[in-house]
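Shown next, in structure tokens, is the structure this report addresses.
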Ligand code: UDX
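This is the structure we're talking about:
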């Protein structure tokens, strides 16, 4: 490892190696020495061998390269924090049973970092990247760090909120090309450290910086996710209306809306609803926070309500196509909440499948990456296929639940052969042009029946 004297590049520690922490670590290690810290021994063992513990596009080769050249190390020992200039907290903030966020990992990470930097003279900045409710950096992280380190923030030691906006499956690309950097420093010291660090990393490609209070920075993260989730629920509500208007198509509505620069075309793709580890949890947390502030969160509650009922809409479309689903064979293609990931957290495929099964359907499923997770979640209530064609064979209906590129290749002839002549497709992700399946009974989210 390069000695400190040989470089004035900052040394980085990243606490919590989930998709945010590990993707960030893998990217930063192209320029800086990075130590990843996580309490999960098995995970540290894998990363130490240059192997990604989960699927994330582009992560594996970066890990391999940077573990091999010594720029990325990982450990379960927090003492590495004392040897770092910037320590990122990227631990999880799951929903507690009541819907509020559970800060226990943030608390224990802050405690351990504080203990590690106690007595050190090194100027260290602790950066809170985990998604936390406004006020957390100042009134939870700061007192724990100060108490456990015996140091005072602003005096050679700093604390800064710095939310991330990474999408799973695109976390590497989003780390390398972020739309903006949001920082909410508690003190001038951390502001200077964090800005100088990002300038060194991005150089001429430095993204726009929004500098604000820690509370505002924390709120920007929640507001961004809640707004995007609301766009999705909005278009899904319009999709339900389109389904009742002969000749209408929600995709055209979205295209027509999206060309207005005040609206924008992104995140107006109608589908079975939003899933993943962020949107459902973050909108719920913002609802709770608004209530605590005495603010009526009705828009956000409606966003969640549309999302929670959208799987019912998929199931009733299936029922319409089959008269009833009881005893029918249904192929579900796609289980991950998004393509390019094996993550099934909050995937809308799960409630759709559970509802179909509870109504007596015989469901078989296939996903290019998420089979293991789905098997753990759903167990033997459905059957699992090793590829899309095997899944579709002999079924009465195919439902597309994740927009995996490989599903787009299924042809009309192939489906006709596999389904024994009677092709029924329910495209819940709008990956197909209906004209491609001239012999099929084709229904899609947000597509009104054609005029006869
Ligand atoms: C999201 C945010 O995009 C990211 O900025 C934040 O840091 C974490 O949360 P992620 O959940 O990983 O990222 O994926 P994203 O691509 O945003 O998709 C979330 C869900 O919304 C998926 O289930 C996706 O299918 C759905 N979606 C997205 C739609 O249904 N329609 C759209 O137009 C866009």
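In the working numbering, the protein residues as written are 450 to 901.
We put the CB at the ideal spot given by N, CA and C, even for glycine.
Note that this is a predicted model, so its numbers are computed, not measured.
Nearest-angstrom Cα separation, counted from residue j out to residue i
{"i": "residue 767", "j": "residue 696", "result": "20 Å"}
{"i": "residue 756", "j": "residue 541", "result": "23 Å"}
{"i": "residue 520", "j": "residue 899", "result": "59 Å"}
{"i": "residue 473", "j": "residue 866", "result": "46 Å"}
{"i": "residue 799", "j": "residue 786", "result": "9 Å"}
{"i": "residue 463", "j": "residue 590", "result": "16 Å"}
{"i": "residue 864", "j": "residue 644", "result": "55 Å"}
{"i": "residue 479", "j": "residue 653", "result": "16 Å"}
{"i": "residue 532", "j": "residue 594", "result": "16 Å"}
{"i": "residue 783", "j": "residue 496", "result": "28 Å"}
{"i": "residue 739", "j": "residue 666", "result": "16 Å"}
{"i": "residue 574", "j": "residue 601", "result": "12 Å"}
{"i": "residue 568", "j": "residue 557", "result": "19 Å"}
{"i": "residue 762", "j": "residue 524", "result": "47 Å"}
{"i": "residue 678", "j": "residue 732", "result": "8 Å"}
{"i": "residue 517", "j": "residue 499", "result": "7 Å"}
{"i": "residue 688", "j": "residue 759", "result": "10 Å"}
{"i": "residue 727", "j": "residue 876", "result": "24 Å"}
{"i": "residue 461", "j": "residue 486", "result": "11 Å"}
{"i": "residue 596", "j": "residue 749", "result": "37 Å"}
{"i": "residue 819", "j": "residue 570", "result": "47 Å"}
{"i": "residue 751", "j": "residue 565", "result": "45 Å"}
{"i": "residue 691", "j": "residue 682", "result": "14 Å"}
{"i": "residue 744", "j": "residue 680", "result": "21 Å"}
{"i": "residue 477", "j": "residue 662", "result": "25 Å"}
{"i": "residue 897", "j": "residue 871", "result": "21 Å"}
{"i": "residue 821", "j": "residue 494", "result": "21 Å"}
{"i": "residue 810", "j": "residue 848", "result": "13 Å"}
{"i": "residue 700", "j": "residue 592", "result": "50 Å"}
Residue i, buried or exposed, once every other Cβ within 10 Å from all chains shown has been counted against 16
{"i": "residue 903", "result": "In the structure as shown, the chain begins at 450 and stops at 901. Residue 903 is therefore absent and cannot be evaluated."}
{"i": "residue 526", "result": "exposed"}
{"i": "residue 807", "result": "exposed"}
{"i": "residue 588", "result": "exposed"}
{"i": "residue 895", "result": "buried"}
{"i": "residue 868", "result": "buried"}
{"i": "residue 613", "result": "buried"}
{"i": "residue 585", "result": "buried"}
{"i": "residue 884", "result": "exposed"}
{"i": "residue 802", "result": "buried"}
{"i": "residue 694", "result": "exposed"}
{"i": "residue 535", "result": "buried"}
{"i": "residue 546", "result": "exposed"}
{"i": "residue 492", "result": "buried"}
{"i": "residue 628", "result": "exposed"}
{"i": "residue 669", "result": "buried"}
{"i": "residue 777", "result": "buried"}
{"i": "residue 753", "result": "buried"}
{"i": "residue 712", "result": "exposed"}
{"i": "residue 765", "result": "exposed"}
{"i": "residue 817", "result": "buried"}
{"i": "residue 563", "result": "buried"}
Beta-carbon spacing of residue i, residue j below 9 Å
{"i": "residue 539", "j": "residue 466", "result": "yes"}
{"i": "residue 851", "j": "residue 780", "result": "no"}
{"i": "residue 611", "j": "residue 577", "result": "yes"}
{"i": "residue 471", "j": "residue 504", "result": "no"}
{"i": "residue 632", "j": "residue 660", "result": "yes"}
{"i": "residue 830", "j": "residue 812", "result": "yes"}
{"i": "residue 673", "j": "residue 725", "result": "no"}
{"i": "residue 615", "j": "residue 581", "result": "no"}
{"i": "residue 737", "j": "residue 549", "result": "yes"}
{"i": "residue 617", "j": "residue 790", "result": "yes"}
{"i": "residue 664", "j": "residue 583", "result": "yes"}
{"i": "residue 788", "j": "residue 854", "result": "yes"}
{"i": "residue 515", "j": "residue 483", "result": "yes"}
{"i": "residue 893", "j": "residue 873", "result": "no"}
{"i": "residue 638", "j": "residue 599", "result": "no"}
{"i": "residue 561", "j": "residue 530", "result": "yes"}
{"i": "residue 823", "j": "residue 837", "result": "no"}
{"i": "residue 603", "j": "residue 635", "result": "yes"}
{"i": "residue 846", "j": "residue 770", "result": "yes"}
{"i": "residue 734", "j": "residue 671", "result": "yes"}
{"i": "residue 839", "j": "residue 861", "result": "no"}
{"i": "residue 841", "j": "residue 805", "result": "no"}
{"i": "residue 508", "j": "residue 501", "result": "yes"}
{"i": "residue 572", "j": "residue 522", "result": "no"}
Q) Does the stretch 642-649 touch the stretch 705-720, meaning 3 or more C-beta pairs lie closer than 8 Å? A) Contact between the stretch 705-720 and the stretch 642-649 is absent, because fewer than three Cβ pairs lie under 8 Å.
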